[in-house]
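Numbering (the numbering used here), first residue to last: -2 to 157.
Report on the structure given below.
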Amino acid sequence: MPEFSTKPPYIKQISIYFRDKDYKKAFSLSKDFTEAFPDEMVSHFLLAKSAFWLNDFTTAEEESRKAFNLAKDKDGLAVTGILRACSCYRLRKFRKGMELLNLLKTKLPQREEIAKLKFIFALALHDEQAALHHLEMLYEINERAASELTVKLLSRYASA
């Protein structure tokens, strides 16, 4: 595994591994990256993302939590929070994921991705009223995205 002294080479090489779908190498180099730069959001985010693609959702949740806590701007909060929520979903920690999405919604009220995930989590929690509410919120943010999500959901369950 290559060893670097600055962040950009790590990020570039890990991005290449992601592009090539070589998630094991991305995970391994991301571990080195977090050891070299433990206080950097991006190192923990890349480790979480590679763990997620390797179906190691426990590590993905843990590392995305660290990345979330290190995030310094709204975009950082959004990407790390969304990855953590997706990890919670895959671990069937629906309530924990929804709590995180509620926190994100207060900080980032107009983020389409968060509205979509809140809708999906509400469905997973069998809370139809909340699901409808989140779908309505998504319509307010982006009508086209809400329509596409609805069509996708209906076509998936119509063929089941």
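Don't be surprised by glycine CBs; every beta carbon is placed ideally from N, CA and C.
As the structure is a computational prediction, the values presented were derived from the model and not from experiment.
Rounded to whole angstroms, the gap between the alpha carbons of residue 111 and residue 32 is 30 Å.
Between residue 78 and residue 91, the C-beta spacing is not below 8 Å. Excluding residues up to 5 positions away in sequence, 7 and 40 lie with their Cβ nearer than 6 Å to the Cβ of residue 30 in the same chain. The beta carbons of residue 97 and residue 108 sit no closer together than 8 Å.
Taking C-beta separations shorter than 6 Å and ignoring five residues to either side along the sequence, the partners of residue 93 in its chain run 85, following chain order. Taken atom to atom, the span from the alpha-carbon of residue 21 to that of residue 15 is near 10 Å. Take the alpha-carbon of residue 118 and the one of residue 134: they are about 14 Å apart. Taking residue 58 as the centre and dropping the five residues before and after it, the same chain places the C-beta of 81, 84, 85 and 88 closer than 7 Å to its C-beta, in chain order. DSSP places residue 5 in the uninterrupted alpha helix (DSSP H) bounded by 4 to 16. Taken through DSSP and simplified to helix, strand or coil, residue 107 comes out as coil. In this structure, the alpha-carbon of residue 154 lies about 17 Å from that of residue 122. Excluding five sequence positions before and after residue 70, none of the CB atoms of its chain fall closer than 7 Å to its own CB. For residue 60, the enclosing alpha helix (DSSP H) starts and ends at 54 to 67.
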